[in-house]
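Enquirer:
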Amino acid sequence: MNQQYPSVLLERAVNEFAKLPGVGQKTAMRLVLHLLRQETDAVERFGQSIMTLKHDVKYCRVCHNISDTDVCSICANSLRDASLVCVVENIQDVMAIENTGQYRGVYHVLGGVVSPMDGVGPSDLHIDSLVERVKSGGIKEIVLALSSTMEGDTTSFYIFRKLSGTNVKISIIARGVAQNDELQYTDEVTLGRSIVNRIPFTGKF
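Rendered as structure tokens:
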């Protein structure tokens, strides 16, 4: 049975919120009604923050992390170990690893993992720029910190093959992260230990 709305404006707003991941029609309705109860200034600030984010946010030209500047604060930090690069799937993984306080290197955000079922191939990810970073020199170790899923393992193996002709050490986080787990949902202690106790990657799991 289709939901009957007393207002077309309300229906449109609910439908837009329902497009967000994990938000169904009922949750979207609660969010919209909550905004309607707020002061106009508060709603305008909310809307403006989204518009500003969309128009002004940048992606680091080095690691592809979200940033306010052309080079993110992590890549620009001289106290970080630029010779150690942790390869992750997305921005949430960077945040998860940073929250462990166990890692002092830099990152490379792929923007996803190889997933033929979803139509995502290597060329859709930031793999070529990772290879270029390695070829440009200065990098001693690549840490593959992708989710322990079939797609994550496939991506790790592809990167391993692409870097096989270089002298860079390639390691993978210890499998303290359970099979099929995504990094962003792993507790900080387990994730931190997995990075500290990383092991050499041989192309086999």
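If you read the sequence shown in the numbering used here, its first letter stands for residue 8, the second for the next number, and so on.
Cβ atoms here follow ideal geometry from the backbone N, Cα and C, with glycine treated the same way.
Could you spell out where the beta strand (DSSP E) holding Ala25 opens and where it closes?
Expert: From DSSP, Ala25 is part of no beta strand (DSSP E); its letter is neither H nor E.
Enquirer: The alpha helix (DSSP H) with Ile57 in it runs from where to where?
Expert: Run containing Ile57: 47-63, per the alpha helix (DSSP H) assignment.
Enquirer: Quick one: Cα of Ser155 to Cα of Gln11, how far?
Expert: Computed Cα separation, rounded: 44 Å.
Enquirer: Distance check for Ala25 and Gly31, CA to CA, integer angstroms please.
Expert: Approximately 5 Å between the Cα atoms of the pair.
Enquirer: For Tyr66 and Gly128, I'd like the C-alpha separation in whole angstroms.
Expert: Their Cα atoms are separated by approximately 21 Å.
Enquirer: Between Met157, Asp100, Tyr110, which lies nearest to Val121 when the distance is taken from Cα to Cα?
Expert: Residue Met157 is the option with its Cα nearest to Val121.
Enquirer: According to DSSP, which residues form a beta bridge with Lys176?
Expert: Glu148, per the DSSP bridge assignment.
Enquirer: By the DSSP assignment, the alpha helix (DSSP H) with Gly160 in it spans what residues?
Expert: Sequence inspection shows Asp at residue 160; the Gly mentioned does not correspond to that position. Segment 157-169, the alpha helix (DSSP H) holding Asp160.
Enquirer: Taking Ile149 as the reference, which of Thr162, Val69, Phe167 has the closest Cα?
Expert: Comparing Cα-Cα distances from Ile149 to each of Thr162, Val69, Phe167, the minimum goes to Phe167.
Enquirer: How many whole angstroms separate the CB atoms of Ala35 and Val21, which I take to be in contact at a CB cut-off of 8 Å?
Expert: Right, their Cβ atoms sit about 5 Å apart.
Enquirer: Expressed to the nearest angstrom, what Euclidean distance is found between the alpha-carbon atoms of Ala152 and Ile180?
Expert: About 6 Å.
Enquirer: Is the beta carbon of Cys93 sitting closer than 9 Å to the one on Val69?
Expert: Result no, Cβ atoms of Cys93 and Val69 do not sit closer than 9 Å.
Enquirer: Where Leu170 and Pro28 are concerned, what is the direct C-alpha to C-alpha distance, given to the nearest angstrom?
Expert: Going from the Cα of Leu170 to the Cα of Pro28 covers about 35 Å.
Enquirer: For Thr56 and Ile98, what's the separation of their Cα atoms in angstroms?
Expert: The amino acid at residue 56 is misidentified as Thr; the sequence shows Ser. Looking at the two C-alpha atoms, the distance is approximately 19 Å.
Enquirer: Run through the DSSP bridge pairs and tell me what Gly112 is partnered with.
Expert: Asp88, per the DSSP bridge assignment.
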